[in-house]
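Sequence lines, in order, name chains A and B.
Under our numbering, the first residue of the first sequence is numbered 15, with each subsequent residue one higher.
Under our numbering, the first residue of the second sequence is numbered 92, with each subsequent residue one higher.
Think of the CB as a built atom: it goes at the ideal place given N, C-alpha and C, for glycine as much as any other residue.
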Amino acid sequence: MIKTERLALDQIETGMLLVQDVCNPNGTCLLSEGTVLSAATIASLRQREVDYVMVSQEVPLTLDESAALEAGIRARVERLFRVAGTDPIMLKLHNTLLQYRLSALHKSNSSPELED
Amino acid sequence: MSNTNTLTIEQVISAVRQIPSLSVLVMEILASFDKKDVNFTDLVRKIGRDQGLTARVLQVANSPFYGNSGKIGSIKGAVVVLGFHNVRSLVAAAGLINQFPVPEVPSNFDRMSFWHHNIGVAVCAHHLAKASGRDEGLAFTAGLLHDVGKLVLDAYFNKNFAAVLARCAADDVTMVMAERAELGLDHAQIGYELTRRWRFPVPIQKAIRDHHNPEYEPNALTDLVHVANVLSHMLDFDDRNSDLMPALSVAAWTRLDMDHDILPMQMAEIERQYASMKLLVPE
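See the structure below:
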């Protein structure tokens with residue numbers, strides 16, 4: 015899954031995606047959001063004494079982590095629809111939402127086949 | 092026991108009379124939704140003079156969703172990049188949200204969560220309107236204000252509203268059900284009275300009145316807001332653990348000719364747009 019966090023410069027690696035502009039104190043933009051960090055851009059950030067940046071990266075989940083997130087999603091969807099009853103259109107929405115949330119979770123992992 | 096909390100429509104109307112009018116500029120913008128011959132240049136100049144509004148609109152215009160990070164410096168510039176209609180909706184939204192400052196006496200009603208849900212409905216309604224070739228600006232504004240009656244309850248009938256919130260929690264029912272049981276009327280009726288007093292475009296008044304009951308007087312804008320409200324609850328924009336899915340009217344869904352299969356795609360797009368629009372609410 016995609017993880018977004020604020021990292022100190024010594025923790026960033028090439029291939030991470032900037033999710034916020036990096037500006038110097040007087041407002042000039044050094045790197046814009048959407049930049050994929052390379053060795054050169056990281057070096058230039060270091061040179062300009064930038065301390066922190068907001069980046070996102072793909073983090074592979076362990077089976078346990080993935081199962082816990084999936085259980086959380088299922089519980090949330092169940093709770094939201096707890097009084098929706100058996101109205102066919104509400105059941106359809108329920109299922110659509112569950113699949114939507116689960117597919118976002120599995121998007122960047124090896125997607126196991128989802129059951130209905 | 093619940094009798095002590097009952098409200099009459101007369102009480103509501105007299106409370107609504109106390110609410111200050113919207114600024115002349117916001118009124119003018121809202122009225123322009125209904126007009127064909129709008130003087131864009133004049134309106135843009137007037138908006139530009141209001142620094143508070145301008146700052147908030149530029150924050151959204153420069154958000155990642157529009158892909159213009161930091162490049163837009165004026166309302167004129169925003170109009171060039173986003174188009175007059177989008178900017179007009181943003182200005183109306185920023186103006187309306189500022190109209191209801193956080194009360195000094197704190198209540199149990201979470202304003203932040205309220206605006207997040209309402210912005211969610213605005214974004215959903217805008218998206219559905221665009222997908223079905225209807226007026227996006229009206230849909231956005233109607234969505235943004237569909238629950239405005241709750242703010243009237245919170246501001247002017249604090250005690251009655253506290254009883255409503257307590258019943259929501261105790262009986263695990265939706266707000267509108269708790270209001271009808273506790274007050275004998277609901278936020279949709281109150282919102283209607285307020286927007287009538289403010290002379291909003293009539294379709295917006297009716298969409299607010301009927302968003303929980305789209306069969307009352309079927310209308311495309313009402314259907315859009317009704318379905319948008321359901322989607323916004325589904326996507327958890329208000330971030331309340333106790334939230335409940337409201338019932339979806341199959342008739343409204345069918346009238347809009349919604350394609351269930353493309354819903355996940357629409358939800359992804361709505362979530363992206365919502366992340367930007369959320370910036371309209373002061374933290």
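Problem set entry | Neighbourhood of Pro355(B) by C-beta distance below 7 Å, restricted to the same chain and skipping five residues each side | On the second sequence, position 264 is the one that residue 355(B) refers to. Correct list: empty, nothing qualifies.
Exercise. Could one say the Cβ of His317(B) lies closer than 8 Å to chain A's Cβ atoms, at least one of them?
Worked result: What you label residue 317(B) is simply residue 226 of the second sequence in a count that begins at 1. Not one chain A Cβ lies under 8 Å of His317(B).
Exercise. Checking contacts by CB at 8 Å: is Met266(B) closer than that to chain A?
Worked result: In the second sequence, counting from the first residue as 1, residue 266(B) sits at position 175. False, the Cβ-Cβ gap to chain A never drops below 8 Å.
Exercise. Pro292(B) to Val129(B), Cα distance in whole Å?
Worked result: Taking the second sequence and counting its residues from 1, the one referred to as residue 292(B) is at position 201. Taking the second sequence and counting its residues from 1, the one referred to as residue 129(B) is at position 38. Roughly 15 Å separates the two Cα atoms.
Problem set entry | Beta-bridge pairing of Glu227(B) - partner residues as DSSP gives them | Taking the first residue of the second sequence as 1, we reach residue 227(B) at position 136. Among the bridge pairs identified by DSSP, Glu227(B) is matched with none.
Exercise. Three-state secondary structure (DSSP) at Val318(B)?
Worked result: As a working mapping, residue 318(B) is identified with position 227 in the second sequence. In this structure, Val318(B) counts as helix in the three-state DSSP scheme.
Exercise. Is the segment 142-151 of chain B close to the segment 183-191 of chain B, with three or more CB pairs under 8 Å?
Worked result: Cβ pair count under 8 Å is three or more, so yes.
For this session: Would you identify the three-state DSSP class for Met349(B), choosing helix, strand or coil?
Result: On the second sequence, position 258 is the one that residue 349(B) refers to. Judged by DSSP in its simplified three-state form, Met349(B) adopts coil rather than helix or strand.
Exercise. Just by C-beta distance, which residues in the segment 333-355 of chain B are closer than 8 Å to chain A?
Worked result: Cβ contacts with chain A: Asp334, Leu335, Met336, Ala338, Leu339, Val341, Trp344, His351, Leu354 and Pro355.
Problem set entry | Residue span of the beta strand (DSSP E) that contains Ile100(B), given as start and end | Working through the second sequence from its first residue, we reach residue 100(B) at position 9. Counting along the chain, Ile100(B) falls outside any beta strand (DSSP E), though it belongs to the alpha helix (DSSP H) covering Ile100 to Gln109.
Exercise. Checking contacts by CB at 8 Å: is Met375(B) closer than that to chain A?
Worked result: With chain B represented from 92 up to 374, any question about residue 375(B) goes unanswered, as that position is not in the structure.
Exercise. Beta-carbon separation of His278(B) and Glu284(B) under 8 Å?
Worked result: Here residue 278(B) refers to the residue found at position 187 when the second sequence is read from its first residue. Here residue 284(B) refers to the residue found at position 193 when the second sequence is read from its first residue. The Cβ atoms of His278(B) and Glu284(B) lie no closer than 8 Å to each other.
For this session: Whole angstroms is fine: what's the gap from Ser323(B)'s alpha carbon to Ile299(B)'s?
Result: The residue labelled residue 323(B) in the question sits at position 232 within the second sequence. The residue labelled residue 299(B) in the question sits at position 208 within the second sequence. So the two alpha carbons sit approximately 15 Å from each other.
Problem set entry | Partners in chain B for Ile103(A), counting only beta-carbon separations shorter than 8 Å | Along the first sequence, one-based indexing puts residue 103(A) at 89. The CB of Ile103(A) comes closer than 8 Å to the CB of Leu339, Val341 and Trp344 in chain B, given here in chain order.
Exercise. Mapping DSSP to helix, strand and coil, what is Arg258(B)?
Worked result: Stepping through the second sequence from its first residue, residue 258(B) is reached at position 167. Helix.
For this session: Kindly indicate if chain B contains any beta-carbon less than 8 Å away from that of Leu94(A).
Result: Here residue 94(A) corresponds to residue number 80 of the first sequence, with the count starting at 1. Interface flag for Leu94(A) against chain B is set, since a Cβ pair is found closer than 8 Å.
Exercise. Under a CB-based cut-off of 8 Å, is Met358(B) close to chain A?
Worked result: Taking the second sequence and counting its residues from 1, one reaches residue 358(B) at position 267. For Met358(B), the nearest CB of chain A lies under 8 Å from its own CB, placing it at the interface with that chain.
Problem set entry | Among Pro337(B), Pro309(B) and Pro373(B), nearest to Val97(A) - alpha-carbon criterion | Here residue 97(A) is taken as the residue at index 83 of the first sequence, counted from 1. Of the candidates Pro337(B), Pro309(B) and Pro373(B), the one whose C-alpha sits nearest the C-alpha of Val97(A) is Pro337(B).
Exercise. For chain B, is any of its Cβ atoms less than 8 Å away from the one on Lys17(A)?
Worked result: The residue you call residue 17(A) lines up with position 3 of the first sequence. For Lys17(A), the answer is no, since every Cβ of chain B falls outside 8 Å of its Cβ.
For this session: For the beta strand (DSSP E) holding Ala22(A), just list the boundary residues, first then last.
Result: Along the first sequence, read from residue 1 onward, the residue named residue 22(A) stands at position 8. Start and end: Ile16 to Ala22.
Problem set entry | Contact check, Ser333(B) vs Pro305(B), beta carbons under 8 Å | For the purposes of this step, residue 333(B) is taken as the residue at position 242 of the second sequence. For the purposes of this step, residue 305(B) is taken as the residue at position 214 of the second sequence. For Ser333(B) and Pro305(B), no; Cβs fall outside 8 Å.
Exercise. Going by Cα to Cα distance, which pick from Leu116(A), Ile16(A), Gln71(A) and Ala22(A) is closest to Ile87(A)?
Worked result: Taking the first sequence and counting its residues from 1, the one referred to as residue 87(A) is at position 73. Of the candidates Leu116(A), Ile16(A), Gln71(A) and Ala22(A), the one whose C-alpha sits nearest the C-alpha of Ile87(A) is Leu116(A).
Exercise. So what does Ser70(A) bridge to, in DSSP terms?
Worked result: Within the first sequence, residue 70(A) is the residue found at index 56, counting from 1. DSSP, once it has assigned bridges, lists Thr18(A) and Leu31(A) as partnering Ser70(A).
Exercise. Is Ile166(B) near Gly139(B), with beta carbons less than 8 Å apart?
Worked result: Here residue 166(B) refers to the residue found at position 75 when the second sequence is read from its first residue. Here residue 139(B) refers to the residue found at position 48 when the second sequence is read from its first residue. The beta carbons of Ile166(B) and Gly139(B) sit closer together than 8 Å.
For this session: Within its chain, find whatever has a CB closer than 8 Å to the CB of Asp330(B); leave out the 5 residues flanking it on each side and keep chain order.
Result: Indexing the second sequence from 1 puts residue 330(B) at position 239. Taken in chain order, the residues that qualify are Ser204 and His207.
Problem set entry | Asp121(B) - containing alpha helix (DSSP H), residue span | Looking up residue 121(B) in the second sequence gives position 30. According to the sequence shown, residue 121(B) is Leu rather than Asp. Run containing Leu121(B): Val115 to Ser123, per the alpha helix (DSSP H) assignment.
For this session: For Leu107(A), return the contacting residues in chain B, with the cut-off set at a CB-CB distance below 7 Å.
Result: Locating residue 107(A) in the first sequence gives position 93, where the first residue counts as 1. Residues of chain B passing the Cβ test: Met325 and Leu339.
Exercise. What residues of chain B sit near Ala98(A), judged by a beta carbon separation below 7 Å?
Worked result: Within the first sequence, the letter at position 84 stands for residue 98(A). By Cβ distance, chain B contributes Met336.
Exercise. Nearest CA to the CA of Ala230(B): which residue from Pro294(B), Lys137(B) and Val117(B)?
Worked result: One-based indexing of the second sequence puts residue 230(B) at position 139. Measuring C-alpha to C-alpha distances from Ala230(B) to each of Pro294(B), Lys137(B) and Val117(B) identifies Pro294(B) as the nearest.
Exercise. Shortest alpha-carbon distance to Ile104(B) belongs to which of Arg287(B), Asp314(B) and Ala272(B)?
Worked result: One-based indexing of the second sequence puts residue 104(B) at position 13. For Ile104(B), the closest alpha carbon among the candidates Arg287(B), Asp314(B) and Ala272(B) is that of Arg287(B).
Exercise. Which of the three DSSP states, helix, strand or coil, is assigned to Val14(A)?
Worked result: Here chain A has residues from 15 to 130 only, and residue 14(A) is not among them.
Problem set entry | Candidates Val316(B), Val171(B), Asn189(B) and Glu308(B), of which the one nearest Phe131(B) by Cα | Walking along the second sequence from the start, residue 131(B) turns up at place 40. Nearest C-alpha to Phe131(B) among Val316(B), Val171(B), Asn189(B) and Glu308(B): Val171(B).
For this session: Evaluate contact between the segment 75-82 of chain A and the segment 47-62 of chain A, counting only Cβ atoms and requiring at least three cross-stretch pairs below 8 Å.
Result: At 8 Å Cβ cutoff, the stretches do not touch.
Problem set entry | Neighbour-count burial assignment, Leu181(B), 16 or more Cβ in a 10 Å radius | Here residue 181(B) corresponds to residue number 90 of the second sequence, with the count starting at 1. Leu181(B) should be labelled buried.
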